[in-house]
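Data first, discussion second: the structure below is written as structure tokens.
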Amino acid sequence: MDIVNHIHTDQEKFQESEYFKEKSKERYKIEAKNSELKHRHGYDVVTSSGLIGMELQGAMAIVPVNVKRIIKLLDKME
């Protein structure tokens, strides 16, 4: 397959850069947390209407995940 578009060539060069490789090594952590939010805490489907409802649903999903992380970090400190 030939890369015709210069955008694809630029992206290919970017993916070979050290910056991209370093960021890619950290991405799995973020993806795991996103997956937990979606599958365990209902962040995948909006169940309420309006922007305020969506914001509340997001907060109700994100807060417990953060509390779990804080508890885990506190347990490590002891």
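Going letter by letter, the sequence shown gives residues 52 to 129 in my numbering.
Ideal Cβ positions, reconstructed from N, Cα and C, are used throughout, including at glycine.
Note that this is a predicted model, so its numbers are computed, not measured.
{"Item": "Backbone secondary structure at H59 - three-state DSSP", "Value": "helix"}
{"Item": "Beta-carbon proximity check, A110 vs L88, cutoff 8 Å", "Value": "no"}
{"Item": "Rounded distance between the beta-carbons of H92 and V116, thought under 8 Å", "Value": "6 Å"}
{"Item": "Endpoints, alpha helix (DSSP H) assigned at E106", "Value": "101-128"}
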